[in-house]
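Peer 1:
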Amino acid sequence: MSTVRFSRFGFILAAVGSAVGLGNIWKFPYVTGEYGGGAFVLVYLITALFIGIFVLIAELLIGKLGQSDAVSMFENLATKKKNLWKYAGFMVIVPLIILSYYSVVIGWIFHYIVVSFQSLPSNIEESKNIFMTLLTSDLQTQFMYHTIVFVLVTSIILNGVKDGIERINKILMPLLALILSILFIYSLSVESFSKAVTFMFNPDFTKLSSEAIIVAIGQAFYTLSLGMGIIITYAASLPKHVNIVKSSLIIAVIDTLVAIIAGLIIFTLLFDKGAESTKGAGLVFISLPSVFYEFGSIGTFLAILFFIAIAFAGITSAISMLEPMVSFFVNRFNYTRLKAALICSLFFYILGIAALLSNITDYSPMLMIGSKNLFDWLDFVASTVLVPLGGILVVVFVGHFMDENKINAELIPLLGKTITKVWFFMVRYIIPIALILVILNETGIFKF
Ligand code: PHE
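Sequential numbering from 149 applies to the sequence shown in my numbering.
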């Protein structure tokens, strides 16, 4: 493993940079809307803070004790069945699959920064039109932005852990915090803020279906970048004396706070204009732009800031998706960083082009598989099946196949004996079962 390490602050920033992404600012608000608000938020908070922190600790442990690439770490740390466990490390392919379409979505966001500068749609119909045109017929624009994201993330990754990943996070994350603070302070001044608070924090348990609980668990994993070898890989470059429990707490709390703040901002703006639009993925790309328009010139300013914020959040997540596989090639096969980065980037770039073509009307029939097009399949398979599956592998590995004494030596000084026992119990039994339920539910094998 390279000897270049994150600084302590750089590590936290990079991990938070990975966690805070489109999942927080785009997805969290719309699933909250879809599943009825307060009660869903409460379940999400509980799962992100309990299951999330427990699994974060597990992934940080693997990285800290393994000190290698994800594949080798599973192999080296396994107390039995080493040969089989190395295949668990191939979860590093999952973030590359996610990155293929994630990059296309970051491209849409770039487009919306431009739209905000030029002219926002004046009503919901026009807004829908702009988005659907981009999605289904504007191949050129999507291709151009996807290419820009490809060049951008590849060049950052090329510079390595410290000069690439750490440095970009040190620039973008404080800016993201600043922009979100401005937007949040503005929304505090809008009357409907209290409505947004009620919507998000006043749980109506009659609306809470068991499906909502399962979705909340899935969302917690996705948003914390768990189950994909990302945190594991970053943790292998941890500086020596880092308290992994404290780090997990900080990462989970900041990630959750960002989701809540983004939700409050978005719902305040929507409710203020009476927009009924808490449903579906079009929330950010269709409903919000026309709501921003209704706010007049301040709305344009808010829109520009908002889309820049999501772009920053997206880019820091995107680079984290590339690193696990790059580190695997560099470490395992002695590839140069250049060669490794190019192979990984070309993989997601080409897959991303196929994904974006599958939304374009002229090409979509060729790229339909059953009821979904390629774009939707990639998202579905990666985030609803492979991410929870990766999560199961992590907890089963740490709970049953790693040296318990080594884990105790790390955790007992930080957590004490009793809580370490609770952690083991969760990791060994409760979390794997919860994740199996997530997969069964999301694949429709067993609906709750
Ligand atoms: N956690 C990121 C988000 O919330 C998503 C992500 C997925 C990041 C996969 C890294 C890997 O947007």
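Every residue gets a Cβ at the ideal spot worked out from N, C-alpha and C, and that includes glycine.
Everything numeric in this text was worked out from a predicted model, so none of it was measured.
Among V203, L193, K175, I210, whose alpha-carbon lies nearest the alpha-carbon of K554?
Peer 2: Taking only the C-alpha atoms, the option nearest K554 is I210.
Peer 1: Please classify I380: does DSSP put it in a helix, a strand, or coil?
Peer 2: helix
Peer 1: Is it the case that the region 475-490 contacts the region 451-464, given that we only count it when at least three CB pairs across the two stretches are under 8 Å?
Peer 2: no
Peer 1: State yes or no: is the C-beta of G366 nearer than 7 Å to some heavy atom of the ligand PHE?
Peer 2: no
Peer 1: Indicate whether A503 and V252 have their beta-carbon atoms separated by less than 8 Å.
Peer 2: yes
Peer 1: Assign M221 to one of three DSSP states: helix, strand, or coil.
Peer 2: Here DSSP, grouped into helix, strand and coil, assigns M221 to helix.
Peer 1: What is the DSSP secondary structure of I517, counted as helix, strand or coil?
Peer 2: Here DSSP, grouped into helix, strand and coil, assigns I517 to strand.
Peer 1: Counting along the chain, where does the alpha helix (DSSP H) carrying R156 start and finish?
Peer 2: 156-167
Peer 1: Between which two residues does the alpha helix (DSSP H) containing H259 stretch?
Peer 2: 241-266
Peer 1: Who are the near neighbours of I458 in its chain, counting only those whose CB is closer than 6 Å to its CB and skipping five residues on each side?
Peer 2: I173, I257
Peer 1: Measuring only the C-alpha atoms, how far is M221 from T591?
Peer 2: 30 Å
Peer 1: Is G547 near the ligand PHE - that is, is its Cβ less than 7 Å away from at least one heavy atom of it?
Peer 2: no
Peer 1: Can you tell me the Cβ-Cβ gap for L204 and A400, rounded? I've got them flagged as a contact below 8 Å.
Peer 2: 6 Å
Peer 1: Grouping DSSP H, G and I as helix and E and B as strand, with all else coil, what is P177?
Peer 2: helix
Peer 1: Alpha carbons only, please: which of L450, V529, G411 is nearest the one belonging to M348?
Peer 2: Of the listed residues, the one whose Cα sits closest to M348 is G411.
Peer 1: Under a three-way DSSP split, which group does P536 fall into?
Peer 2: helix
Peer 1: Counting only the same chain and skipping the five closest in sequence on each side, list residues whose C-beta sits under 7 Å from that of R335.
Peer 2: The amino acid occupying residue 335 in the given sequence is Ser; Arg does not appear at that position. Excluding residues within five positions, the ones whose Cβ falls inside 7 Å are F341, L412, I413, T416, L417.
Peer 1: Nearest to L208 by alpha carbon, out of H294, K569, L559?
Peer 2: Closest by alpha carbon: L559.
Peer 1: Shorter than 7 Å, the distance from the beta carbon of Y497 to the closest heavy atom of the ligand PHE, or not?
Peer 2: no
Peer 1: Around the Cβ of E339, are there at least 16 other Cβ atoms within 10 angstroms (buried) or fewer (exposed)?
Peer 2: exposed
Peer 1: What is the rounded straight-line gap between the Cα of R153 and the Cα of V575?
Peer 2: 28 Å
Peer 1: For V338, which three-state DSSP category applies?
Peer 2: Coil.
Peer 1: Could you name the residues, in chain order, whose CB is less than 6 Å away from a heavy atom belonging to the ligand PHE?
Peer 2: S166, A167, G169, L170, G171, N172, P243, I246, Y370, T371, S373, M376, I378, S465, S468, M469
Peer 1: In chain order, what residues of the same chain have a beta carbon less than 7 Å from the beta carbon of A167, not counting five sequence neighbours either side?
Peer 2: T371, L372, S373, I399, D403
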